[in-house]
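Enquirer: Before anything else, here's the structure in question.
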Amino acid sequence: MAKVLQDGEKAPDFSMPSTTGQIKLEDFSGSYLVLYFYPKDDTPGCTNEAKDFSALIDAFADRNAKVVGVSRDPLSKHEKFSAKHDLKVILASDESGETTEMYGTWIEKNMYGKTYMGIARQTFLIGPDGSIIKSWKKVRVKGHAEDVLSHLPDGTKTSQDKV
């Protein structure tokens, strides 16, 4: 059974290749991290989720937050997916499954009577100190990026700062 992470506990450390190079949890120390797990590149729900987060990337940045999407797809597939849809989020490759296991997102699924293992669509909002502020399980894509954004403190930048 997958580990269930609780809000308030320390987020598990990770190290994964990404579309911006090798990343680990400590790279995001001092800022908020939206770490979202999704099943597969270039599928309808996953594409919409990545595009929704990308559309709000400036609003996340204004709130001192970085957005990282994680799946078990290889980095080469992430790079093609990102380029094809002009994604602004970082995509991390967890081919080994280590990070998805640590975050409890590698679960048994059932579709059309067939049981298989796969990634549960889940999101973790991690604070500047590395603790989990909020987690979303069984995510529905529509409106999710906006919901996550609403749980971040308002940014300190004003319209004059954006010159």
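Note that my numbering numbers the sequence shown so that position 114 is 775, with each residue one more than the last. Ideal Cβ positions, reconstructed from N, Cα and C, are used throughout, including at glycine. It should be emphasised that the depicted structure is a prediction, and the values quoted were computed from it without experimental measurement.
Do the stretch 722-729 and the stretch 664-671 touch if we need at least three Cβ pairs shorter than 8 Å?
Expert: In short, these stretches do not touch, since the Cβ pair count stays below three.
Enquirer: Excluding sequence positions up to five away, which residues of its chain have a Cβ less than 7 Å from the Cβ of K738?
Expert: D702
Enquirer: List the endpoints of the continuous beta strand (DSSP E) containing V729.
Expert: 726-732
Enquirer: Within 10 Å of its beta-carbon, does D790 have 16 or more other beta-carbons around it, so buried, or fewer, so exposed?
Expert: Within a 10 Å sphere around the beta-carbon of D790 sit fewer than 16 other beta-carbons, which makes this residue exposed.
Enquirer: Please report the straight-line C-alpha distance between V802 and T708, rounded to a whole angstrom.
Expert: 10 Å
Enquirer: Considering only residues of the same chain and omitting the five flanking positions on each side of L694, which have a CB-CB separation below 6 Å?
Expert: Hits under 6 Å: K727, I787.
Enquirer: Using a Cβ-Cβ cutoff of less than 6 Å, which residues in the same chain neighbour F689 once the five nearest sequence positions on both sides are dropped?
Expert: K727
Enquirer: Would you mind reading off the limits of the beta strand (DSSP E) that contains S754?
Expert: 751-754
Enquirer: CA-CA distance, S811 and Y777?
Expert: Near 34 Å, if we compare the C-alpha coordinates of Y777 and S811.
Enquirer: Applying the criterion that 16 or more other CB atoms from any shown protein chain within 10 Å of the CB defines a buried residue, is A753 buried or exposed?
Expert: buried
Enquirer: According to DSSP, which residues form a beta bridge with K775?
Expert: M772
Enquirer: From the DSSP output, in three-state form, read off K818 for me.
Expert: Residue placement at K818 is flagged as unreliable, the pLDDT there being 45, under the threshold of 50; a coordinate-derived value is accordingly withheld.
Enquirer: Do three or more CB pairs link the stretch 707-722 to the stretch 761-775 at distances below 8 Å?
Expert: no
Enquirer: Report all residues from its chain with a CB closer than 6 Å to the CB of D674; omit the five preceding and five following residues, and keep chain order.
Expert: Closer than 6 Å at the Cβ level, and outside the excluded window around D674, lie L686.
Enquirer: How far does the beta strand (DSSP E) with T784 in it reach, from first residue to last?
Expert: 783-787
Enquirer: For K799 and A806, what's the separation of their Cα atoms in angstroms?
Expert: 14 Å
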